[in-house]
Amino acid sequence: MSAQGWQTVSSVLPPGRYFLQGDEACAEGAIAAGCNFYAGYPITPASEVMERIARRFQELEGRVFVQMEDEIGSIAAVIGASWAGAKAMTATSGPGFSLMLENLGYAIMTETPLVLVDIQRAGPSTGQATRPAQGDVFQARWGASGDYEVIVLAPWSVADMYWQTIRAFNLAEQFRVPVIILGDEGIGHLRERVDILPEVRVYNRLKEQGKPPFGGQLVPPMPAFGEGAKLLVTGSTHDPWGYRRTADSRVQAELVDRLSRKITERREEIVQAEAFFCDDDPELLLVAYGFTARSAYRAARELRMQGVRAGLLRLATLWPIPEKTIREKAACARHVLVPEMNRGQLLREIQRIVPHAKGYNKTNGEVITPGEIIGAVREKIG
Amino acid sequence: MAERIRVNLRDIINKEERLAPGHRLCAGCAEPVIVRQILLAIDDPVVVSTATGCLEVSTTVYPYTSWRVPWIHSAFENAATTLSGIEAAYKALRRTGKIPQDKEIKLIAFGGDGASYDIGLQFISGALERGHRIVYVCLNNEAYMNTGIQRSSATPRGASTTTSPAGKVIPGKVQWRKPFTHIMAAHDIPYVAQAAPHNYRDLMRKVKKAISVDGPAVLNILAPCPRGWRHPSDQTMAISKLAADTCYWPLYEIDHGKVIVNYKPRNKVPVAEWLKAQGRFRHLFQPANAWLLEEIQAKVDEEWERLLKEEANS
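Chains A and B, in that order, give the protein sequences.
Residue numbers for the first sequence, in numbering that gives the first Met the number 0: 0 to 381.
Residue numbers for the second sequence, in numbering that gives the first Met the number 0: 0 to 313.
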């Protein structure tokens, strides 16, 4: 059994410089984080994650790859593996993510750590399988039934995909939640440099026995099946020991409250955002994530050269939203622009924090270019 | 016994193709050949539903469509279910006189092996249990070709795919394929058959039978795939024929419970001949994998003998 809590481990991939695809970097990040179970189903543009895992797991000891009959089976197997003590992951795209939502809700309710990767493509439905989009921001936030909080990460480069995947596992283990990586076809199929460092910080879930596995503290310990603890796991409302209490209003209220609070009360440990060109309180702030943040970075730089005091806030976590940082960085900005490959999904959340934020949106299956962002700045802001 | 159904070549060549040329399926792909054979075997109006897959994406490349019949693509898993709704609605329309009582409309669902063996299995099962008068066709190329050759539960043991890569650790896919045709037959529906495109007379006769029965019918059709099986694109029909000659893919039907083996090769060819023709099995011919080759032959023999017994007993 691996040591619990924070650990420093050697990188599985020999340290050095690699040229990887985003999907491959996701697979390597998972391997580095200690992922030893992967269940998946083919779907463009996420299949390469599974293909890389299928090959790499053969080369490594004690790791299991299973191809399932569909996405429902994939996430269900991942949940089972997690309760058997594994660090488990699955990857998919929008339509497959839709099929996973029932089990995502189950994982939230049963506090099952897992990593779900959604390499977004243009939707709704089958949409454009080979084209990028950022249309699943709300599906990731509100797709399952009921009230809950989620952790959603949005990598913006191939290297970031590697590190965010490691972080996704760590957050999942720390908070006992499913963590969603919201990539997009742009990042998933991009190839660029990744520097693999010799060591990786990983977190292994706490397994202390004799304490209730579903209550008593914000994040209860999670022993695995077969380790001696009597475990009752159910998606129905349950008390701290896992007993079904489906007619007890107090138990339901306490459970739902704690499931949310374990994220909201420790929000600041989770949220991450990077500010660029923001040292002089920019008059124009771009807020972006995923592939679009790359174009926004370039746009901000070019606007600077044109004499516009532009800055970029790149969101690494979408949910919870880095509210404090957004508020701070936007405090002096007369203009806030949120470019997204959707019809303005994250914009709504940003507008809740910064009411004068405006959007630049594109849903034609093509990435947003720096030139388009500059054009939008000129047009909307003058 | 119903009257003998004949397939006349002269009739076929004079009919209009209902799958137009110009689609983007690969050179040597068996799927369009099979779909044309199926549509040419039907005289009545047809409605087609297709699951997500090679056929769906490649016959409908903007701004064109190859379908000269009404066509609906649903999600990956529910071509049979969407067709169930169409069938039930037509039934209601007939009952209320909105379409003539005697108007025959044939309803065909096409799915690949991923859509049929894996993600769509429960949906096909539901349609069969409800007894809709539809024909479900599995275009079986034995892997997820549309997304890049990942293994499916129809992929034969030993085949190398992107998610069952042959190497030092595993010799390709570890599991045997799922007995889909038998699973379909276990629903006690009027008609289930296995076919292959090289024998078009047999295939088209089975289509005519399938559309004529009063209830659901399923056709499981082998569809060699040059890209995924790694064979030259001009070998598709030869490989289809070898599959039948080796008894790897027996041509048979289960007509109202009666098993009929339609083709019994006079000289059963060793399955290695079929495997050898395809790059996905190349590693099986390394000395270290000889045991697997033997196992595959034994499995083919066992399944063939069992089928002959089922025929004798039915």
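Even glycine gets a Cβ: it sits at the ideal position worked out from N, Cα and C.
In this text the structure is predicted, and so the values were computed from the model without any measurement.
In the structure shown, A:P44 adopts coil according to DSSP, grouped into three states.
Along the length of the stretch 217–287 of chain B, whole alpha helix (DSSP H) runs at least 4 residues long occupy 225–228, 235–244, 270–275, reported in chain order. With respect to chain A, the C-beta atom of B:T81 has no partner C-beta closer than 7 angstroms. By the C-beta criterion, the stretch 43–61 of chain A is judged to be in contact with the stretch 168–187 of chain A, since at least 3 inter-stretch pairs fall below 8 angstroms.
According to the DSSP assignment, A:V136 belongs to the alpha helix (DSSP H) that extends over 136–141. Taking 7 angstroms as the upper bound on Cβ-Cβ separation, chain B lies near residues P41, I42, T43, S46 of the stretch 19–47 of chain A.
Pairing A:I352 with A:E327, the inter-Cα distance amounts to about 10 angstroms. For B:Y135, the nearest beta carbon of chain A is not closer than 7 angstroms to its own beta carbon.
Shown here, A:M160 sits in a helix according to DSSP, grouped into three states. Take B:L306, set aside five residues on each side of it, and the residues of its chain with a beta-carbon closer than 8 angstroms to its own are P249, Y251, V258, V260, in chain order. B:N312: member of the alpha helix (DSSP H) spanning 289–312, first to last residue.
From the beta-carbon of B:G166, the residues of chain A found nearer than 7 angstroms are Q57. Judged by DSSP in its simplified three-state form, B:H181 adopts helix. Taking all protein chains shown into account, B:W290 has fewer than 16 neighbouring C-beta atoms within 10 Å of its C-beta and is therefore exposed. Across the stretch 47–81 of chain A, CB contacts with chain B closer than 7 angstroms involve M49, E50, A53, R54, Q57, Q66, E68, D69, in sequence order along the chain. Counting C-beta atoms within 10 angstroms of its own C-beta, A:Y202 has 16 or more neighbours from the protein chains shown and is therefore classed as buried.
A Cβ-Cβ distance of about 19 angstroms is found for the pair B:T235 and B:G21, leaving them out of contact under the 8 angstroms criterion. In this structure, the beta-carbon distance from A:T368 to A:P338 does not fall below 7 angstroms. Excluding the 5 residues flanking it on each side, B:T81 has same chain C-beta neighbours closer than 7 angstroms at S48, I71, S73, in chain order. Chain order gives the chain B residues near A:S124 as A74, where near means a beta carbon separation below 8 angstroms. For B:Q193, the enclosing beta strand (DSSP E) covers residues 190–194. The beta carbon of B:D117 falls within 7 angstroms of a beta carbon belonging to chain A, placing the residue at that interface.
If the five residues before and after A:R200 are omitted, its C-beta is found closer than 7 angstroms to the C-beta atoms of W5, T7, all from its own chain and listed in chain order. The beta carbons of A:S9 and A:P197 sit about 7 angstroms from each other, so the pair counts as a contact at 8 angstroms. Within chain A, the residues P41, S46, M49, E50, Q66 have their CB atoms less than 8 angstroms from the CB of B:Q149, given in chain order.
Take the alpha-carbon of A:G122 and the one of A:W141: they are about 17 angstroms apart.
The beta carbon of B:D43 sits closer than 8 angstroms to the beta carbons of E103, I104, K105, I210 from its chain, once the five residues preceding and following it are set aside; these are given in chain order. Any Cβ of chain A closer than 7 angstroms to the Cβ of B:Y143 would place that residue at the interface, and such an atom is present. Listed as beta-bridge partners of B:I148 by DSSP are no residues whatsoever. Contact of B:I188 with chain A by beta-carbon distance below 9 angstroms is absent, the smallest such distance being about 22 angstroms.
Here the C-alpha atom of A:Y37 lies approximately 47 angstroms from the C-alpha atom of A:R333.
A direct Cα-Cα distance of roughly 16 angstroms separates B:A195 from B:S232. Contacts between B:S152 and chain A, judged by CB atoms closer than 7 angstroms, involve E68 in chain order. Between the alpha carbons of B:H181 and A:P212 lies a distance of about 45 angstroms. DSSP places A:V176 in no beta strand (DSSP E); its state is neither H nor E.
The Cβ atoms of A:G214 and A:P177 do not sit closer than 7 angstroms to each other.
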